[in-house]
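A.B. asks: If you're matching positions, the sequence shown starts at -19 in my numbering and goes up one per residue. Yeah, the Cβ is synthetic: ideal placement off N, Cα and C, and Gly gets one too. No experiment lies behind these values; they were computed from the predicted model shown.
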Amino acid sequence: QMARGASTEPPPRTILTTQPTDVPSRNPVPLSATQENEVRQTYYKRVRAQCADLIREYATCTTGRTITASWKCRQQRLAMNSCMLSKATLEEQDRAREEWFQTREQRKREKEEKDRERKEN
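(1) Compare the Cα-Cα distances from L65 to each of R26, E18, E92 and report the closest residue.
(2) Between which two residues does the alpha helix (DSSP H) carrying A59 extend?
(3) By DSSP, does R45 sit in helix, in strand, or in coil?
(4) Identify which residue in T14, P10, R20 has its Cα closest to the Cα of T69.
(5) Taking its Cβ as the centre, do 16 or more other Cβ atoms sit within 10 Å of W51, making it buried, or is it exposed?
(6) Does the segment 38 to 45 come within contact of the segment 53 to 61, defined as at least 3 CB pairs closer than 8 Å?
(7) Using the Cα positions of D95 and T14, report the straight-line distance between them to the nearest angstrom.
(8) Compute the Euclidean distance between the alpha carbons of M60 and A49, then round it to the nearest angstrom.
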């Protein structure tokens, strides 16, 4: 027997919707693990290229140093890390993904060419 005031209808369902701001990338096409790794490598390469001067300064400072590099090169390390953190954005990830998609056909042709050369030899 049901308690007084109890409803026989199930509780209303909550429908979750994805807002455009919830999407982490403008290219939500799922990629394989290998493809995601290629996108990630492109992303890292782009970030390093934008901070190349600061990375070079830090590397120059640390050359020939071991333990002393921690405090002797502190300013260079902080500048390099700050640059990389400021450039490592979702927008940069999207650009790397877009670059990956734009160069996909070119990579496919290069791979086919290498396969043909390998078969000929």
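C.D. replies: Reading it off the structure:
(1) R26
(2) 54 to 67
(3) coil
(4) R20
(5) exposed
(6) yes
(7) 19 Å
(8) 14 Å
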